[in-house]
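Q:
Protein chains: 2
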Amino acid sequence: MKRIFYNIHKIFPLTEETFEALKNCARILHLQKNEFFLTEGEVCSSIGFIEKGSMRLFYNSPDREACNDFFFENSVVGSFASFLSEMPSIVNIVAIENSEVIAFSKKDINDLIEKHPSLKQLSDFIIQEHFIRTEKREEALLKFSPELRFKNLLEEHPKIFKRIPLQYVASYLNITPETLSRYRSRFLV
Amino acid sequence: MKRIFYNIHKIFPLTEETFEALKNCARILHLQKNEFFLTEGEVCSSIGFIEKGSMRLFYNSPDREACNDFFFENSVVGSFASFLSEMPSIVNIVAIENSEVIAFSKKDINDLIEKHPSLKQLSDFIIQEHFIRTEKREEALLKFSPELRFKNLLEEHPKIFKRIPLQYVASYLNITPETLSRYRSRFLV
DNA sequence: TAACGTTCTTGATTTGAATCAAGTTGATTC
DNA sequence: GAATCAACTTGATTCAAATCAAGAACGTTA
Chain A
1 MKRIFYNIHK
11 IFPLTEETFE
21 ALKNCARILH
31 LQKNEFFLTE
41 GEVCSSIGFI
51 EKGSMRLFYN
61 SPDREACNDF
71 FFENSVVGSF
81 ASFLSEMPSI
91 VNIVAIENSE
101 VIAFSKKDIN
111 DLIEKHPSLK
121 QLSDFIIQEH
131 FIRTEKREEA
141 LLKFSPELRF
151 KNLLEEHPKI
161 FKRIPLQYVA
171 SYLNITPETL
181 SRYRSRFLV
Chain B
1001 MKRIFYNIHK
1011 IFPLTEETFE
1021 ALKNCARILH
1031 LQKNEFFLTE
1041 GEVCSSIGFI
1051 EKGSMRLFYN
1061 SPDREACNDF
1071 FFENSVVGSF
1081 ASFLSEMPSI
1091 VNIVAIENSE
1101 VIAFSKKDIN
1111 DLIEKHPSLK
1121 QLSDFIIQEH
1131 FIRTEKREEA
1141 LLKFSPELRF
1151 KNLLEEHPKI
1161 FKRIPLQYVA
1171 SYLNITPETL
1181 SRYRSRFLV
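As given, the protein sequences belong to chains A and B, one line each in that order.
Quick note: the first sequence uses this note's numbering, first residue 1, plus one each step.
Quick note: the second sequence uses this note's numbering, first residue 1001, plus one each step.
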């Protein structure tokens, strides 16, 4: 069984019936490295759970890509803004490594929640976690200097540096790759 | 009748009964300039609609406040992250002008939606708009230089410069008041 | 293993915003 | 209307990160 189902069940125990219904709606996607889950300008039609791999969310910019977030196993990917409003997305989501994503379409999600109200809890939880994540991200961008953002990331998520190409980490920190490289030599020795 | 009810009714026509129920849960707050609607560390227990006045949301920082958003008439204020999770808020929301806010407690909101399912639409709409707003804000912070953020704000929301003390606008643009002052003399003349 | 392309590092220089430091303007109070 | 305080402006200087420019390390393919 896919780990995402195991994890959902662990947090929100579901009846056998609900669980089956959920599993039946799952669409399994295999994304190659650099393949897009969501492209700017298209409507985000489904929400995905990363079963394996990693992805990044970024905004297109004339000069450089602006990376806003990384996602690993058990993360939820998608643009809630586009998914809910059904307006074109302003963000891109792309696989960093070859990845496996379990995706649920909007229609299926709506039907599932309607027929299995216990899933409403899950959906609320996901939205709640997204708000929390967003606030923390905004806080980091507004309150901390580039150098401090680097140190905080290193402290809180050291594995990111092992797993993600540094150019993307630099973009996430909103600095150039050169600056990141200098921080690393300065603080990592 | 408060304008917020008028506007809700315009977007999502409600039955007389639902409308009455909603009005009965409204708590009217009068906030003096500089009075807090939500303080960092406290749980956000209600969501407010600004009937009159203006407010700002900011993150506390050792050196300076980091302003993330402004709210005017008909805006929704609160920390969804804290409101939904019932964890202490990491943001502050404070009145810029003397303001009138129509507030709804979490319990009332939950009860209202349960008894009047048509209000679920309204709640979903508010959450959706919040996601859209957040994505746009992140985009501006990540993609654009301080100078470009200034020009964009001037173009899209010129009234902000009339109504909001410039120190807060500077904080919102993530620049110092001195830099904002220089931009103004450079680009407004 | 040689050749290529990509990613990362290192150095020199430039630059845009922060900081530091006075002023000026404006609003409020006595 | 003077005095006070906060908000904003202006100027001089400093500083951190961007840019520009090579080069080194690494992975992949021939």
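Just so it is clear, CB atoms sit at the ideal spot from N, CA and C, and this is done for glycine as well.
1) Based on the DSSP secondary-structure assignment, which residues constitute the bridge partners of B/His1030?
2) Can you give me the Cβ contacts of A/Glu86 inside the same chain, cut-off strictly under 7 Å, excluding the 5 residues immediately before and after it?
3) Interface residues of chain B around A/Ser61 at Cβ under 7 Å?
4) In the DSSP assignment, find the unbroken alpha helix (DSSP H) run with A/Lys10 in it and report its ends.
5) Could one say the Cβ of B/Glu1139 lies closer than 8 Å to chain A's Cβ atoms, at least one of them?
6) Are at least three pairs of beta-carbons, each pair with one atom in the region 1078 to 1096 of chain B and one in the region 1040 to 1060 of chain B, less than 8 Å apart?
7) How big is the Cα-Cα spacing for A/Tyr168 and A/Lys143?
8) Are A/Gln121 and A/Phe12 closer than 8 Å when you measure CB to CB?
9) With a 10 Å radius around its C-beta and 16 neighbouring C-beta atoms as the bar for buried, classify B/Asn1110 as buried or exposed.
10) With which residues is A/Lys162 paired in a DSSP beta bridge?
11) Which term fits B/Glu1020, buried or exposed, when burial requires 16 or more other beta carbons within 10 angstroms of its beta carbon?
12) Say whether chain B places a C-beta atom closer than 8 Å to the C-beta of A/Glu16.
13) Which full runs of the beta strand (DSSP E) of 3+ residues lie inside the region 58 to 142 of chain A, going along the chain?
14) Check whether the Cβ atoms of A/Phe71 and A/Ser171 lie closer than 8 Å to each other.
15) Compare the beta carbon distance of B/Leu1084 and A/Phe80 with 8 Å and say whether it is the shorter of the two.
16) Around the C-beta of A/Met1, are 16 or more other C-beta atoms found within 10 angstroms, so that it is buried, or is it exposed?
A: According to the structure data:
1) Against the second sequence, residue 1030 of chain B aligns to sequence position 30. DSSP, once it has assigned bridges, lists B/Glu1100 as partnering B/His1030.
2) Taking the first sequence and counting its residues from 1, one reaches residue 86 of chain A at position 86. Contacts found: Val43.
3) For the purposes of this step, residue 61 of chain A is taken as residue 61 along the first sequence, with counting starting at 1. In chain order: Lys1143.
4) On the first sequence, position 10 is the one that residue 10 of chain A refers to. Unbroken alpha helix (DSSP H) run through A/Lys10: Arg3 to Ile11.
5) Taking the first residue of the second sequence as position 1, residue 1139 of chain B is located at position 139. Output row for B/Glu1139: interface = yes.
6) yes
7) Your numbering for residue 168 of chain A matches position 168 in the first sequence. Your numbering for residue 143 of chain A matches position 143 in the first sequence. Approximately 21 Å between the Cα atoms of the pair.
8) As a working note, residue 121 of chain A is residue 121 in the first sequence. As a working note, residue 12 of chain A is residue 12 in the first sequence. The answer is yes: Cβ separation under 8 Å.
9) What you label residue 1110 of chain B is simply residue 110 of the second sequence in a count that begins at 1. B/Asn1110 comes out exposed.
10) As a working note, residue 162 of chain A is residue 162 in the first sequence. Answer is none; A/Lys162 lacks a bridge partner.
11) Translated into the one-based positions of the second sequence, residue 1020 of chain B becomes position 20. Exposed, since its Cβ has fewer than 16 Cβ neighbours within 10 Å.
12) Here residue 16 of chain A is taken as the residue at index 16 of the first sequence, counted from 1. Answer no: the Cβ-Cβ gap between A/Glu16 and chain B never drops below 8 Å.
13) 66 to 71, 92 to 95 and 99 to 105
14) Numbered from its first residue, the first sequence carries residue 71 of chain A at position 71. Numbered from its first residue, the first sequence carries residue 171 of chain A at position 171. Cβ atoms of A/Phe71 and A/Ser171: not closer than 8 Å.
15) Mapped onto the second sequence, residue 1084 of chain B falls at position 84. Mapped onto the first sequence, residue 80 of chain A falls at position 80. Cβ atoms of B/Leu1084 and A/Phe80: not closer than 8 Å.
16) In the first sequence, the residue the question calls residue 1 of chain A occupies position 1. So A/Met1 ends up on the exposed side.
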